[in-house]
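Taken in order, these protein sequences are the chains called V and Z. Under the numbering used here, the final residue of the first sequence carries the number 440; numbering is consecutive throughout. Under the numbering used here, the final residue of the second sequence carries the number 165; numbering is consecutive throughout. For glycine and all other residues, C-beta sits at the position ideal for the given N, C-alpha and C. Here the structure is a predicted model, which is why all the values come from computation and not from measurement.
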Amino acid sequence: METKQRVVVTGRGVISPIGSSISDYWESLRMGVSGVRKIIEFDPTGSACQIAGIVTDFDSDAHFNLREKKSYERFTQFGLAAAFQAAEEAELQELEDDSGEIGVIMGTGVGGITSYAKAYDALFAGPEERPIDAYTIPRIMNSAVSSAIAISLGLRGPNFTLNTACSSGGNAVGQAMQWIREGRTRAVICGGTEAPVTYGLLRAWDALGVLSRKHNGTPETACRPFDKNRSGFVLAEGAAVLVLESLESAQKRNVPVLGEIAGFGSNCDATSLTNPDENGVADAIRLALDDAELNPEDIGYINAHGTGTRLNDPLECRAIHQIFGGRAATLPVSSNKSVFGHSMGASSALEALATLLAVQNDCAPPTLNCDYQDPECAIDTVSHNSRKVTIDAALSNSFAFGGSNAVLAFRKWKP
Amino acid sequence: METITRNTIEQTCLEAIAKEMGLKSSDLNAEMNLRDDLDIVSLDAMNIIMALEDEFKIEADIETILEMQKVSDIVDHLSERINV
């Protein structure tokens, strides 16, 4: 059998409601410091859910000049800022990419929705129509983020923005790994970014009945994955970016290897636009394990999709039981969405980063608010407090409307 | 209809440019080059033109304006359109 090219992580970047550096992000995750708060950016009256995971420490002026701020929508700015962090850690600036060996692939769900809203406001919100900003189109383009990263860093390899709803970032990371394995690129900047907290989208998600409505007064308790009293998720924003690189390239450049991405399971339930399917989810987990040449007993931690909705959590637990059998009850599984909310296309990238950090630190971050565990969610949810545990390999589960599943397998770096 | 003076048009034009480009209108003058001095690119120019069209209730010739070099060229063009 042909040996697969090993693909490693050499750079990480993050902009999130719980911190916009790797150290702040991990510390908040490890300590279970919530990033969910009351929405003050606009008046959320009319939505039963009035809280979200908001990035509060992002200084656009520190990263971008006026032209860039005009051109780059908030989701693009997040993605770029995270990419800059990752590229710096990977020392990518030392590479000249004249031959197009470094690619970019980013995931986003709703892209430049803020500028869509502004454009419609200009047309319909006042007594008279107002001019639409000429920068609207470059700001709303989903692909603006991957293009802006390539432009800023001079990367001439393949350049994609991918949308599979809430698994977009996970599929982007997995696809990046495939490009490197195939020899198409030596390195790829990949991840996900989203800035979806707008009035219109809040109302739209609220209309679906999947947002938490009972905890506006105590936002940090709103998202309660695997808890009997869970009532949904909260919207969030943010970005996470990884630099993936062939092992050969990383060793040739003598840059530190932070972990190995070993497997990718991508599939579609092919059953429903809105209802997940247990067998599709289980198949995606199995595909990732097979691709990584890992057995279920090799996995020390699972970063769950864990939305905190009535439907997702028991289904995900049943899928885990399908694959892990008797071990499922004692295998540490946690949901980061309980800490910073659900950032749609970025969530799977933020959670992939958290999974990598869990492997690096031998520490499973906690699930918050699982006070009364639902018997239908019979797993070890790492409730309330993080746990030191040996993690040689871990999975990051991401599912999406449309049934597009993406499961990533990370392995501790061992030369 | 009351004639709008060239001075008023120039001042409105400088204010529209200042707003779009994040500058102070008091730092600008009509002899400035749109690209070399003010770093205006086509999308900025479109926003400036739309603001002036809205202000003066006219329709400017966009292609002509995009080829202009100096602020005073825009003022000349607008003066012709406004005071017809």
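Run of the alpha helix (DSSP H) containing Tyr141 of chain V, from where it starts to where it stops: 138-149
Going along chain V, which residues have a C-beta under 7 Å from Leu124 of chain Z? Ala159, Tyr160
Check whether chain Z comes within 8 Å of Leu91 of chain V, counting only Cβ atoms and requiring the distance to be less than that. yes
Which first and last residues belong to the beta strand (DSSP E) in which Cys215 of chain V is found? Looking at the DSSP string, the run of the beta strand (DSSP E) that includes Cys215 of chain V is 212-219.
Can you check whether the CB of Ile47 of chain V is closer than 8 Å to the CB of Val58 of chain V? Contact: no.
List the endpoints of the continuous beta strand (DSSP E) containing Cys342 of chain V. If you look at Cys342 of chain V, you'll find it isn't in any beta strand (DSSP E); it sits in the alpha helix (DSSP H) that goes 337-349.
For a test of the three-state rule: what should DSSP assign to Met131 of chain V, helix, strand or coil? strand
Please go through the same chain and pick out, in chain order, the residues whose beta-carbon is closer than 8 Å to the beta-carbon of Ser203 of chain V, but skip the five residues on each side of it. A quick correction: the sequence has Gln, not Ser, at residue 203 of chain V. Taken in chain order, the residues that qualify are Phe289.
Please name the residue in V:Arg62, V:Val34, V:Arg37, V:Asn254 whose C-alpha comes closest to that of Glu245 of chain V. V:Arg62
When DSSP labels each residue in this structure, what does Arg410 of chain V get in the three-state scheme? The identity of residue 410 of chain V in the sequence shown is Asn, whereas the question assumes Arg. Correct three-state label for Asn410 of chain V: coil.
Taking Gly257 of chain V and Gly333 of chain V to be in contact with their CB atoms under 8 Å, please state how far apart those CB atoms are, rounded to whole angstroms. 6 Å
Let me see if you follow: with CB-CB separation under 8 Å, is Asp135 of chain Z close to chain V or not? yes
Residues of the region 136-157 of chain Z with a CB closer than 8 Å to any CB of chain V: list them in chain order, please. none
Whole angstroms are fine: how far does the CA of Arg255 of chain V sit from the CA of Tyr397 of chain V? Arg255 of chain V has its alpha-carbon roughly 10 Å from the corresponding atom of Tyr397 of chain V.
Give the straight-line distance between the Cα atoms of Arg335 of chain V and Ala329 of chain V, rounded to the nearest whole angstrom. 15 Å
Only counting runs of 4 or more residues, tell me where the alpha helix (DSSP H) segments fall wholly within the region 236-289 of chain V, in order along the chain. 272-278
Where are the alpha helix (DSSP H) runs, 4 residues long or more, that stay fully inside the region 100-146 of chain Z, in chain order? 123-137
Rounded to the nearest angstrom, what separates Leu298 of chain V and Gly428 of chain V at their Cα positions? 6 Å
Please report the residue range of the beta strand (DSSP E) in which Ile76 of chain V lies. Where Ile76 of chain V is concerned, the enclosing beta strand (DSSP E) stretches over 76-78.
Can you tell which of V:Ala389, V:Ala431, V:Ile416 has the C-alpha that lies nearest to the C-alpha of Met56 of chain V? V:Ala389
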